[in-house]
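Trainee: The structure is given below, and queries will be raised subsequently.
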Amino acid sequence: MAERARGEPPKQRTGTRTSRAGSRPILPGVPVPIPIPVPVPVPVPSSLAPQPNARPAPRCRRQWRRWGLPQDGGAQALRRRRRRSGGGRGEAMLRASLRQVSAALKEGQVTPTELCHKCLALIKSTKLLNAYITVAEETALKQAEESEERYRRGQPLGVLDGIPVAVKDNFNTAGIETTCASNMLKGYIPPYNATVVQKLQDQGAVLLGKTNLDEFAMGSGSTDGVFGPVRNPWSYSRQYKEKSAPKSDPEHEEFKWVITGGSSGGSAAAVSSFTCFAALGSDTGGSTRNPAAHCGVVGLKPTYGLISRHGLIPLVNSMDVPGILTRCVDDAAVVLGSLAGHDPKDSTTIQDAFQPFELPNMPDVSKLCIGIPKEYNAPGLSSEILAVWSKAADLFKNAGAKVIEVSLPHTPYSIVCYHVLCTAEVASNMARFDGLEYGHRSDVNESTESMYAATRQEGFNDVVRGRILSGNYFLLKQNYEDYFVKAQKVRRLIANDFVKVFRSGVDILLTPTTLSDAVPYIEFIKEDNRTRSTQDDILTQAANMAVLELSEIPCWQLWVPSPQREEAADFPPALGSGSSCSFRNLREEKNSLLPQTKPGDIKHNSNTTPRVHAGTA
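The numbers in the UniProt record's numbering rise by one with no breaks, and the one at position 330 of the sequence shown is 330.
Right under this line is the structure:
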């Protein structure tokens with residue numbers, strides 16, 4: 001096979017789905033961050049593995065040190081890799097942070113086009129992961145060339161200019177197919193960008209493509225979309241192969257890879273496999289944090305209203321938020337600063353200005369009070385997760401922080417409450433997909449009713465139809481008061497638990513993200529979607545119910561309240577303060593579910609609304 005000339009863009013591989021032009025009708029639609037000194041592990045390509053008898057050159061030693069790899073070899077392998085790929089600058093940059101890459105772009109050490117070519121080549125070589133549904137190669141290369149011209153003129157748009165990113169396939173992207181991994185929206189090409197996508201492009205980010213997910217983001221494994229399941233990049237690491245070898249079953253050898261978690265599994269796999277520097281997901285009950293935990297990356301669920309939902313195809317309007325996935329916390333902070341702020345197209349976004357910020361290098365944690373919710377030591381929590389949770393608490397304690405046990409008494413009821421409210425809103429939101437305005441339309445035309453039924457039967461999978469059925473049941477006139485209204489009351493109590501804990505002097509809640517590590521695909525599919533989602537969301541959905549901000553830092557997550565306005569001078573400006581979140585969507589009831597809770601305990605006040613911001617990994 002003839003080698004491609006240096007600088008020539010890679011040819012499109014057969015079977016890769018590229019973007020198509022066209023238009024269709026519009027789809028409606030903190031305290032100081034805490035650094036945690038635990039490195040985020042990353043898969044190392046076998047060709048870059050250190051060689052025992054090789055002595056690396058000084059430049060290579062610096063690269064090994066920067067990547068956190070052993071410095072006892074690898075120079076020859078690295079030089080061979082450079083010769084094959086036409087240069088090593090882009091290769092090395094794939095493992096750098098956003099700020100490091102931005103600095104390298106400004107200094108001319110690497111160009112946006114080189115980065116884009118490297119990422120596109122890596123997407124093709126890791127196609128087995130099935131992380132992407134659509135690869136917008138032509139669009140990405142055009143955006144990279146425009147970015148390169150801006151750098152040539154010395155006028156970059158910001159830190160994200162020229163940075164390759166990916167977007168979950170439930171965000172509208174102008175001119176690029178948006179499917180929600182469903183037959184219902186196959187072929188749908190939005191005429192406009194979601195606000196978060198537009199903000200990324202306004203700052204020069206290079207959009208590589210759309211990532212895989214569970215159909216309409218309903219799932220916790222990224223296994224139920226029509227484009228097939230997403231494979232966890234760690235399935236092909238030496239550590240996993242050594243661990244799984246004794247348990248290997250020859251009959252199921254093809255399916256021994258582990259899941260990514262969901263529903264933003266494609267975004268997590270894309271970041272974890274170095275095919276992009278950051279990716280957008282969505283989070284309704286843990287869909288960003290769950291795959292981040294399984295893929296060893298950072299997942300941030302911002303405060304409800306901090307980032308615009310305009311252009312995000314809705315699942316549960318009162319809980320949906322765009323999520324951020326990166327390889328380090330500082331990268332998540334950079335992306336958050338770029339996306340946060342008021343959007344006139346989304347009335348739920350904050351009204352106050354949000355200023356970008358930088359994480360402090362060495363914050364003092366000795367004055368912090370860390371809360372450990374006892375209810376999160378839930379049945380089914382694995383011994384490995386419990387051990388890491390305890391180790392994380394010890395890290396804070398040894399650094400001088402006060403670590404105490406706290407109680408969130410209504411947490412055991414949150415998963416049932418979440419299921420009722422989630423399916424009720426799903427039933428409402430999915431009603432728009434009827435075959436009349438956009439999306440799939442069945443050929444059955446005997447009557448309007450038969451066309452509706454056939455369209456939804458052909459367009460939705462069993463999981464989506466099941467949730468629609470459950471939601472409609474809870475919203476029936478005879479069931480509304482017994483299920484939906486009571487679930488709203490319990491939601492109020494859950495949020496009130498967090499308010500009371502934070503008012504008691506607790507600064508951060510430290511909890512696990514998942515009950516166990518990622519399971520093999522063959523084991524995951526033995527249980528139905530509803531059962532798996534219940535298990536995987538049990539530690540995450542309470543934050544969405546209480547409209548908190550949350551960050552998943554590999555192996556654990558942090559929950560932090562917002563500082564009061566008069567105390568905000570001690571923290572980065574506007575960080576976590578001023579968010580206009582409330583429970584105005586809940587009914588005002590004279591009688592609450594439990595007598596000790598008084599109406600009005602949760603007020604529309606930024607001083608009492610709990611928020612969270614991430615620490616560093």
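Cβ atoms here follow ideal geometry from the backbone N, Cα and C, with glycine treated the same way.
1. Tell me the DSSP secondary structure of Ser23 in three-state form.
2. Spell out the partners DSSP gives Val406 in its beta bridges.
3. Just list the residues that DSSP pairs Arg231 with in beta bridges.
4. My output table needs one value for Tyr151: the three-state DSSP class, helix, strand or coil.
5. Along the chain, where does the beta strand (DSSP E) containing Ile538 start, and where does it finish?
6. I'd like the span of the alpha helix (DSSP H) that includes Thr275, first residue to last.
7. Could you give the residue range of the beta strand (DSSP E) that holds residue 666?
8. Helix, strand or coil: how does DSSP classify Pro314 here?
9. With distances taken between CB atoms, is the gap from Ile553 to Val271 smaller than 8 Å?
10. If we call anything under 8 Å between Cβ atoms a contact, is Ala340 one with Pro314?
11. Does the beta carbon of Asn529 come closer than 8 Å to any beta carbon on chain D?
12. Helix, strand or coil for Asp346, going by three-state DSSP, please let me know.
13. Evaluate contact between the region 89 to 107 and the region 255 to 270, counting only Cβ atoms and requiring at least three cross-stretch pairs below 8 Å.
14. Can you give the beta carbon distance from Val335 to Thr349, rounded, assuming they're within the 8 Å contact cut?
15. Of the residues Gly262, Cys119, Asn496, Tyr418, which one's Cα is nearest the Cα of Arg467?
16. Alpha carbons only, please: which of Pro322, Leu539, Pro373 is nearest the one belonging to Lys199?
17. Any idea what DSSP makes of Ser562, helix, strand or coil?
18. Hey, how far is the Cα of Leu280 from the Cα of Ser287?
19. When you compare only the Cα positions, how much space is there between Cys119 and Leu98?
20. Measuring CA to CA, which of Asp443, Leu207, Val485 is closest to Val167?
21. Please state whether DSSP places Asp331 in a helix, a strand or coil.
22. Identify the continuous beta strand (DSSP E) that holds Pro412 and give its terminal residues.
23. Pro112 lies in the beta strand (DSSP E); which residues open and close that run?
24. Count the other C-beta atoms from every protein chain shown that fall within 10 angstroms of the C-beta of Asp504, then say buried if there are 16 or more, exposed otherwise.
25. Report yes if the CB atom of Leu115 is closer than 8 Å to the CB atom of Pro164, and no otherwise.
26. In this structure, does DSSP put Leu359 in helix, strand or coil?
27. Is Pro112 near Gly158, with beta carbons less than 8 Å apart?
28. With a threshold of 6 Å on Cβ separation, who are the neighbours of Lys590 within its own chain once the five nearest residues in sequence on each side are excluded?
29. Measuring only the C-alpha atoms, how far is Ser551 from Ile415?
30. Go ahead and pull the three-state DSSP assignment for Ile522.
31. State yes or no: is the C-beta of Ser222 within less than 8 Å of the C-beta of Pro229?
32. Does the region 357 to 368 touch the region 490 to 505, meaning 3 or more C-beta pairs lie closer than 8 Å?
33. Would you say Arg327 touches the ligand GDP, meaning its beta carbon is less than 7 Å from a heavy atom?
34. Helix, strand or coil for Asp497? Go by DSSP, reduced to three states.
35. By DSSP, does Lys243 sit in helix, in strand, or in coil?
36. Skipping 5 residues on each side, what residues in its chain have a beta carbon closer than 6 Å to that of residue 666?
Mentor: Well, looking at it:
1. Residue 23 sits at position 23 when you count from the first residue of the sequence shown. At Ser23 the pLDDT is 38, less than 50, meaning the model places this residue with poor confidence; the figure from the coordinates comes in the next sentence. Ser23: coil per DSSP, three-state reduction.
2. Here residue 406 refers to the residue found at position 406 of the sequence shown. Answer by DSSP bridge pairing, in chain order: Pro373.
3. The residue you call residue 231 lines up with position 231 of the sequence shown. Partner(s): Ile259.
4. To locate residue 151, count along the sequence shown from 1; it is residue 151. In this structure, Tyr151 counts as helix in the three-state DSSP scheme.
5. On the sequence shown, position 538 is the one that residue 538 refers to. Segment: none, Ile538 is in no beta strand (DSSP E) and carries neither H nor E.
6. Here residue 275 refers to the residue found at position 275 of the sequence shown. Segment: none, Thr275 is in no alpha helix (DSSP H) and carries neither H nor E.
7. The shown model of the chain, from 1 to 617, leaves out residue 666, and the question about it has no answer.
8. Here residue 314 is taken as the residue at index 314 of the sequence shown, counted from 1. The answer is coil: DSSP assigns Pro314 none of H, G, I, E or B.
9. Sequence index remark: in the sequence shown, residue 553 carries index 553 (1-based). Sequence index remark: in the sequence shown, residue 271 carries index 271 (1-based). Cβ atoms of Ile553 and Val271: not closer than 8 Å.
10. Within the sequence shown, numbered from 1, the residue matching residue 340 stands at position 340. Within the sequence shown, numbered from 1, the residue matching residue 314 stands at position 314. Not a contact, by the Cβ cut-off of 8 Å.
11. No chain D appears in the structure shown, which is made up of a single protein chain.
12. Locating residue 346 in the sequence shown gives position 346, where the first residue counts as 1. It is a strand residue.
13. Touching, no.
14. On the sequence shown, position 335 is the one that residue 335 refers to. On the sequence shown, position 349 is the one that residue 349 refers to. Actually they are not in contact, since the Cβ atoms of Val335 and Thr349 sit about 17 Å apart, beyond 8 Å.
15. For the purposes of this step, residue 467 is taken as residue 467 along the sequence shown, with counting starting at 1. Of Gly262, Cys119, Asn496, Tyr418, the residue nearest in Cα terms is Tyr418.
16. Counted from its first residue, the sequence shown places residue 199 at position 199. Closest option to Lys199, Cα to Cα, is Pro322.
17. Here residue 562 refers to the residue found at position 562 of the sequence shown. Residue placement at Ser562 is flagged as unreliable, the pLDDT there being 37, under the threshold of 50; the coordinate-derived value follows with that caveat. Coil at Ser562, not helix or strand.
18. For the purposes of this step, residue 280 is identified with residue 280 of the sequence shown, where counting begins at 1. For the purposes of this step, residue 287 is identified with residue 287 of the sequence shown, where counting begins at 1. In this model, Leu280 and Ser287 are separated by some 11 Å (Cα to Cα).
19. Against the sequence shown, residue 119 aligns to sequence position 119. Against the sequence shown, residue 98 aligns to sequence position 98. For Cys119 and Leu98, the distance between alpha carbons rounds to 15 Å.
20. Reading the sequence shown from its first residue, position 167 is the one you call residue 167. With distances taken between Cα atoms, Val167 lies closest to Leu207.
21. Residue mapping note: residue 331 aligns to position 331 of the sequence shown, counting from 1. Three-state result, Asp331: helix.
22. Position 412 of the sequence shown, counting from 1, holds the residue named residue 412. No beta strand (DSSP E) holds Pro412; the alpha helix (DSSP H) holding it covers 411 to 430.
23. Indexing the sequence shown from 1 puts residue 112 at position 112. From DSSP, Pro112 is part of no beta strand (DSSP E) but of the alpha helix (DSSP H) over 112 to 125.
24. For the purposes of this step, residue 504 is identified with residue 504 of the sequence shown, where counting begins at 1. First, the residue type needs correcting, since residue 504 is Ser and not Asp in the sequence shown. Exposed is the call here.
25. Taking the sequence shown and counting its residues from 1, the one referred to as residue 115 is at position 115. Taking the sequence shown and counting its residues from 1, the one referred to as residue 164 is at position 164. In terms of Cβ geometry, Leu115 and Pro164 form a close pair [threshold 8 Å].
26. Taking the sequence shown and counting its residues from 1, the one referred to as residue 359 is at position 359. Coil at Leu359, not helix or strand.
27. Position 112 of the sequence shown, counted from the start, is the residue given in the question as residue 112. Position 158 of the sequence shown, counted from the start, is the residue given in the question as residue 158. Between Pro112 and Gly158, the CB-CB gap reaches or exceeds 8 Å.
28. As a first step, residue 590 must be located in the sequence shown, where it is residue number 590. Residue confidence for Lys590 is low, a pLDDT of 27 falling below 50, so the modelled location carries little weight; the figure read from the coordinates is stated next. So no residue of the chain qualifies.
29. For the purposes of this step, residue 551 is identified with residue 551 of the sequence shown, where counting begins at 1. For the purposes of this step, residue 415 is identified with residue 415 of the sequence shown, where counting begins at 1. Distance between the alpha carbons of Ser551 and Ile415: 19 Å.
30. In the sequence shown, the residue the question calls residue 522 occupies position 522. Looking at Ile522 - three-state DSSP - the assignment turns out to be helix.
31. Taking the first residue of the sequence shown as position 1, residue 222 is located at position 222. Taking the first residue of the sequence shown as position 1, residue 229 is located at position 229. Yes, the pair counts as a contact, with Cβ atoms nearer than the cut-off.
32. At 8 Å Cβ cutoff, the stretches do not touch.
33. This structure does not include the ligand GDP; it has no bound ligands of any sort.
34. Position 497 of the sequence shown, counted from the start, is the residue given in the question as residue 497. DSSP places Asp497 in the helix class (H, G or I) of the three-state scheme.
35. For the purposes of this step, residue 243 is taken as residue 243 along the sequence shown, with counting starting at 1. Looking at Lys243 - three-state DSSP - the assignment turns out to be helix.
36. One cannot answer for residue 666 here, as it falls past the ends of the chain, which runs 1 to 617.
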